[in-house]
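In the numbering used here, the protein residues as written are 45 to 170.
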(Lines of atoms letter the chains of each structure in order from A; the text may use other names.)
(Lines give C-alpha, C1' and ligand atoms only; values in the text may rest on other atoms or scores of the structure.)
Protein backbone atom coordinates (compact mmCIF):
# COMPACT_ATOMS: atom_id res chain seq x y z
CA UNK A 45 0.00 0.00 0.00
CA UNK A 46 1.40 3.39 -1.02
CA UNK A 47 -1.11 5.99 0.14
CA UNK A 48 1.08 9.06 -0.45
CA UNK A 49 2.45 8.25 -3.90
CA UNK A 50 -0.30 10.08 -5.89
CA UNK A 51 0.31 13.28 -3.90
CA UNK A 52 4.13 13.53 -3.91
CA UNK A 53 4.68 14.86 -7.42
CA UNK A 54 3.18 18.35 -7.54
CA UNK A 55 0.25 20.22 -6.06
CA UNK A 56 -2.67 18.50 -4.41
CA UNK A 57 -5.66 20.19 -2.82
CA UNK A 58 -5.76 18.57 0.61
CA UNK A 59 -9.19 20.09 1.20
CA UNK A 60 -10.67 17.49 -1.15
CA UNK A 61 -8.57 14.57 0.02
CA UNK A 62 -11.18 12.96 2.26
CA UNK A 63 -13.94 13.31 -0.33
CA UNK A 64 -11.68 11.84 -3.03
CA UNK A 65 -10.71 8.95 -0.75
CA UNK A 66 -14.36 8.18 -0.01
CA UNK A 67 -15.23 8.45 -3.70
CA UNK A 68 -12.47 5.95 -4.53
CA UNK A 69 -13.77 3.51 -1.93
CA UNK A 70 -17.30 3.85 -3.29
CA UNK A 71 -16.13 3.15 -6.84
CA UNK A 72 -14.23 0.08 -5.63
CA UNK A 73 -17.16 -1.23 -3.56
CA UNK A 74 -19.62 -0.64 -6.40
CA UNK A 75 -17.45 -2.61 -8.81
CA UNK A 76 -17.13 -5.45 -6.30
CA UNK A 77 -20.89 -5.42 -5.69
CA UNK A 78 -21.50 -5.66 -9.44
CA UNK A 79 -19.33 -8.77 -9.67
CA UNK A 80 -21.16 -10.37 -6.77
CA UNK A 81 -24.55 -9.65 -8.35
CA UNK A 82 -23.42 -11.02 -11.71
CA UNK A 83 -22.46 -14.24 -9.94
CA UNK A 84 -25.97 -14.88 -8.62
CA UNK A 85 -27.44 -17.72 -10.65
CA UNK A 86 -30.82 -18.39 -9.06
CA UNK A 87 -33.70 -16.73 -7.28
CA UNK A 88 -32.70 -18.62 -4.13
CA UNK A 89 -29.16 -17.18 -4.25
CA UNK A 90 -30.61 -13.72 -4.80
CA UNK A 91 -33.04 -14.05 -1.87
CA UNK A 92 -30.30 -15.35 0.45
CA UNK A 93 -28.04 -12.42 -0.47
CA UNK A 94 -30.91 -9.95 -0.13
CA UNK A 95 -31.54 -11.18 3.42
CA UNK A 96 -27.85 -10.91 4.35
CA UNK A 97 -27.56 -7.39 2.93
CA UNK A 98 -30.75 -6.26 4.66
CA UNK A 99 -29.63 -7.68 8.01
CA UNK A 100 -26.21 -6.03 7.71
CA UNK A 101 -27.81 -2.71 6.78
CA UNK A 102 -30.20 -2.80 9.72
CA UNK A 103 -27.36 -3.72 12.10
CA UNK A 104 -25.35 -0.75 10.78
CA UNK A 105 -28.33 1.53 11.48
CA UNK A 106 -28.64 0.19 14.99
CA UNK A 107 -31.93 -1.52 14.14
CA UNK A 108 -35.37 -0.09 13.55
CA UNK A 109 -37.86 1.06 16.14
CA UNK A 110 -40.59 -1.41 16.98
CA UNK A 111 -43.29 0.96 15.72
CA UNK A 112 -45.40 0.79 18.86
CA UNK A 113 -44.88 4.36 20.04
CA UNK A 114 -47.55 6.98 19.30
CA UNK A 115 -46.79 9.54 16.57
CA UNK A 116 -48.16 12.40 18.69
CA UNK A 117 -49.07 14.30 15.52
CA UNK A 118 -50.43 17.80 15.90
CA UNK A 119 -51.44 20.52 13.46
CA UNK A 120 -49.68 23.79 14.31
CA UNK A 121 -51.24 25.94 11.60
CA UNK A 122 -53.32 25.95 8.42
CA UNK A 123 -52.81 27.93 5.21
CA UNK A 124 -55.93 28.25 3.06
CA UNK A 125 -55.64 28.42 -0.74
CA UNK A 126 -58.42 28.49 -3.38
CA UNK A 127 -58.23 24.78 -4.29
CA UNK A 128 -56.36 23.26 -1.35
CA UNK A 129 -55.21 23.87 2.20
CA UNK A 130 -51.83 23.25 3.80
CA UNK A 131 -51.74 21.80 7.28
CA UNK A 132 -48.49 22.34 9.15
CA UNK A 133 -47.95 19.09 11.04
CA UNK A 134 -45.37 18.05 13.62
CA UNK A 135 -45.10 14.38 14.58
CA UNK A 136 -42.59 12.25 16.46
CA UNK A 137 -40.79 9.71 14.27
CA UNK A 138 -39.35 8.29 17.50
CA UNK A 139 -40.09 9.38 21.05
CA UNK A 140 -38.48 12.79 21.43
CA UNK A 141 -37.60 13.18 17.71
CA UNK A 142 -39.98 15.71 16.17
CA UNK A 143 -40.44 15.90 12.39
CA UNK A 144 -41.99 18.91 10.69
CA UNK A 145 -44.12 18.40 7.61
CA UNK A 146 -46.68 20.01 5.34
CA UNK A 147 -49.84 18.20 4.34
CA UNK A 148 -51.43 19.51 1.15
CA UNK A 149 -55.13 18.65 1.10
CA UNK A 150 -57.24 19.30 -2.02
CA UNK A 151 -60.66 20.79 -1.37
CA UNK A 152 -63.97 19.36 -2.60
CA UNK A 153 -62.98 15.69 -2.76
CA UNK A 154 -65.85 13.23 -2.56
CA UNK A 155 -63.75 10.07 -2.17
CA UNK A 156 -60.23 8.96 -1.20
CA UNK A 157 -57.49 9.76 -3.71
CA UNK A 158 -53.87 8.66 -4.20
CA UNK A 159 -51.20 10.68 -2.42
CA UNK A 160 -47.65 11.72 -3.20
CA UNK A 161 -45.03 11.57 -0.46
CA UNK A 162 -42.06 13.88 -1.04
CA UNK A 163 -39.11 13.58 1.34
CA UNK A 164 -36.73 16.49 1.15
CA UNK A 165 -33.23 15.73 2.34
CA UNK A 166 -30.41 18.02 3.34
CA UNK A 167 -27.89 19.35 0.86
CA UNK A 168 -25.45 22.21 0.52
CA UNK A 169 -28.23 24.36 -0.92
CA UNK A 170 -30.90 23.73 1.70
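Using N, Cα and C, we set each Cβ at its ideal position, and we do this for glycine too.
What is the rounded straight-line gap between the Cα of residue 130 and the Cα of residue 97? In the chain shown, the residue the question calls residue 130 occupies position 86. In the chain shown, the residue the question calls residue 97 occupies position 53. Each residue's Cα considered, the two are about 39 angstroms apart.
Given 8 angstroms, three or more beta-carbon pairs between the stretch 130-139 and the stretch 155-167: no
Excluding five sequence neighbours on each side, which residues of the same chain lie with their C-beta closer than 8 angstroms to the C-beta of residue 122? The residue you call residue 122 lines up with position 78 of the chain shown. 129, 130, 131, 132.
Backbone secondary structure at residue 74 - three-state DSSP: Reading the chain shown from its first residue, position 30 is the one you call residue 74. The answer is helix: DSSP assigns residue 74 an H, G or I state.
If residue 115 sits next to residue 108, beta carbons under 8 angstroms apart, how far is it from one beta carbon to the other, in whole angstroms? Start at 1 with the first residue of the chain shown, and residue 115 comes out as number 71. Start at 1 with the first residue of the chain shown, and residue 108 comes out as number 64. The pair is not a contact, with the Cβ atoms about 15 angstroms apart (cut-off 8 angstroms).
Tell me the rounded alpha-carbon separation between residue 92 and residue 163. Position 48 of the chain shown, counted from the first residue, corresponds to residue 92. Position 119 of the chain shown, counted from the first residue, corresponds to residue 163. So the alpha carbons of these two residues sit roughly 30 angstroms apart.
Where do the N-terminal and C-terminal ends of the beta strand (DSSP E) with residue 94 fall, by residue? Here residue 94 refers to the residue found at position 50 when the chain shown is read from its first residue. That residue, residue 94, is in no beta strand (DSSP E); its alpha helix (DSSP H) goes 87-105.
With the cut-off set at 8 angstroms, would you say residue 126 and residue 134 are in Cβ contact? As a position in the chain shown, residue 126 is number 82, starting the count at 1. As a position in the chain shown, residue 134 is number 90, starting the count at 1. Taking 8 angstroms as the Cβ cut-off, residue 126 and residue 134 do not qualify as a contacting pair.
Distance between residue 106 and residue 151 (C-alpha atoms, nearest Å): Mapped onto the chain shown, residue 151 falls at position 107. Mapped onto the chain shown, residue 106 falls at position 62. Whole-angstrom Cα-Cα distance: 41 angstroms.
Cα separation between residue 89 and residue 83? Translated into the one-based positions of the chain shown, residue 89 becomes position 45. Translated into the one-based positions of the chain shown, residue 83 becomes position 39. Approximately 9 angstroms, taken between the alpha carbons.
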